[in-house]
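Q: Everything in the sequence shown is counted per this note's numbering, starting at 21 for the first residue and increasing by one. One structure is given below, represented as structure tokens, and several questions about it will come after.
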Amino acid sequence: MIEYLTSLDNSIFLFFNSFHSPFFDRFWMLFTGRFIWIPMYAALIFTMTKAFRPRMVVVYIAAISAAIFLTDQTCATLIRPIVERLRPANPENPISVLTHIVDGYRGGMYGFPSCHAANSFALATFMACLFPRGRFIAFIFGWAVLNSYSRLYLGVHYPGDLLVGAFIGSFYGLACYTIALQFDKEHRSVAFERLRRPLFSLGSGMRLAGLNGMVVRASDVIFAIIGVTVVSITLVSM
């Protein structure tokens with residue numbers, strides 16, 4: 021059974037890793053970076069400040085930090101040294117000769133499970149619980165999936181690494197949210213009512229086509245920032 025799953029993991033990895041181009045090499049290398057998403061993280065914190073009282077903002081930020089810390093330690097410190105599964109791009113792994121590698125990037129030695137996927141899904145799960153709205157949930161989990169896929173494209177993780185990492189991250193994200201929720205004594209509808217309040221509106225005196233009276237809310241800031249980030253990554257990759 022283990023041999024079958026390993027063979028299947030290898031086959032799926034090689035299938036997806038085989039699709040590459042100079043543009044996407046640059047695109048996914050930028051997309052997978054941690055620092056490029058700092059504006060998005062800042063927008064998430066900003067949105068929390070608009071929905072919750074300062075005390076709960078601190079509690080939720082601490083809980084998110086705890087979820088990511090526990091996720092990272094479970095994957096990197098606990099599981100990886102025990103399993104010792106070489107990354108596909110590791111020169112000691114026979115599959116590395118078939119792996120598409122971008123700019124010589126091979127990651128560390130071991131890759132099971134993926135910390136990148138685990139941390140992304142820990143954040144996504146926590147934020148989806150915090151703001152259970154359809155469009156936002158689709159966005160945040162879409163970001164986590166694409167962030168995970170970037171590791172597959174770059175040849176540093178197998179699909180199995182990503183799936184197990186996503187499961188671990190989702191577990192800690194949900195667990196830490198459940199604990200943090202115990203400190204929130206305010207009714208949730210009050211927080212969502214605050215979130216629906218406009219930050220500002222473009223008055224009728226403005227003559228920008230289609231923008232007269234347009235209302236901008238805190239949640240819109242997140243979508244605007246992610247849009248600008250993706251467009252920037254695309255332009256730099258060209």
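Beta carbons: idealized from backbone N, C-alpha and C, even for Gly.
Given this structure, state the Cα-to-Cα distance separating Phe243 from Met60, to the nearest angstrom.
A: C-alpha separation (whole angstroms): 9 Å.
Q: Is Leu172 helix, strand or coil when you go by DSSP?
A: Helix at Leu172.
Q: Can you list, in chain order, the residues of its chain whose CB lies under 7 Å from that of Asn139, leaving out five sequence neighbours each side?
A: Closer than 7 Å at the Cβ level, and outside the excluded window around Asn139, lie Ile88, Thr91, Asp92 and Gly189.
Q: Could you compute how far the alpha carbon of Gly127 sits from the alpha carbon of Pro111?
A: Looking at the two C-alpha atoms, the distance is approximately 11 Å.
Q: Please return the same chain residues whose Cβ sits closer than 6 Å to the Cβ of Ala96, not counting the five positions on each side in sequence.
A: Result list for Ala96: Cys135, in chain order.
Q: Considering only their Cβ atoms, is the gap separating Phe141 from Ala83 smaller than 7 Å?
A: Contact flag unset, no.
Q: What does DSSP give as the partner residue(s) for Tyr130 in the beta ladder?
A: According to DSSP, which records beta bridges pairwise, Tyr130 is partnered with Leu106.
Q: Should Pro25 be labelled buried (16 or more other beta-carbon atoms within 10 Å of its own) or exposed?
A: With the sequence shown as reference, residue 25 is identified as Leu, and Pro is not the correct amino acid for it. Under this definition Leu25 is an exposed residue.
Q: Assuming Pro4 contacts Val184 (C-beta within less than 8 Å), just tell me the rounded distance between them.
A: An answer regarding residue 4 cannot be provided, because it is not within the stretch 21 to 258 covered by the chain.
Q: Which stretch, first to last residue, makes up the alpha helix (DSSP H) that contains His136?
A: That run of the alpha helix (DSSP H) goes Cys135 to Leu150.
Q: Given this structure, state the Cα-to-Cα distance separating Phe47 from Ser41, to the nearest angstrom.
A: Taking the straight line from one Cα to the other gives about 10 Å.
Q: Would you mind giving the Cβ-Cβ distance between Ala29 and Tyr178, rounded to the nearest angstrom? I have them listed as a contact below 8 Å.
A: Residue identity differs from the one stated: residue 29 is Asp in this sequence, not Ala. At roughly 5 Å, the Cβ-Cβ gap stays under 8 Å, so Asp29 and Tyr178 are in contact.
Q: Should the stretch 190-198 be called in touch with the stretch 63-72, which here means at least 3 C-beta pairs below 8 Å?
A: Counting Cβ pairs under 8 Å, fewer than three are found: no touch.
Q: How would you label Ser27, buried or exposed, when you count the other beta carbons within 10 angstroms and need 16 or more for buried?
A: Exposed, since its Cβ has fewer than 16 Cβ neighbours within 10 Å.
Q: Excluding sequence positions up to five away, which residues of its chain have a Cβ less than 8 Å from the Cβ of Val260?
A: This structure cannot speak to residue 260, because the chain is shown only from 21 to 258.
Q: Measure how close the beta-carbons of His120 and Ser38 come, nearest whole angstrom, since I'm counting them as under 8 Å.
A: That belief holds up - the Cβ atoms of His120 and Ser38 are roughly 7 Å apart, short of 8 Å.
Q: Using only CA atoms, which one of Ile199, Asn167 and Met258 lies nearest to Trp57?
A: Ranking Ile199, Asn167 and Met258 by Cα distance to Trp57 puts Asn167 first.
Q: Considering Lys70, what are the terminal residues of the alpha helix (DSSP H) in which it resides?
A: Where Lys70 is concerned, the enclosing alpha helix (DSSP H) stretches over Ile58 to Ala71.
Q: Apart from the five residues just before and just after Val122, which ones in its own chain have a Cβ nearer than 7 Å to its Cβ?
A: Closer than 7 Å at Cβ, skipping near neighbours: Asp45, Met49 and Leu174.
Q: Distance check for Ile32 and Ser116, CA to CA, integer angstroms please.
A: Using only the alpha carbons, I get a separation of about 15 Å.
Q: Output the distance between the C-alpha atoms of Ser170 and Phe51, rounded to the nearest integer angstrom.
A: Using only the alpha carbons, I get a separation of about 7 Å.
Q: From which residue to which residue does the alpha helix (DSSP H) around Gly189 run?
A: Its alpha helix (DSSP H) spans residues Pro179 to Leu201.
Q: Taking C-beta to C-beta, are Ala144 and Ile160 nearer than 7 Å?
A: Yes. Within cutoff.
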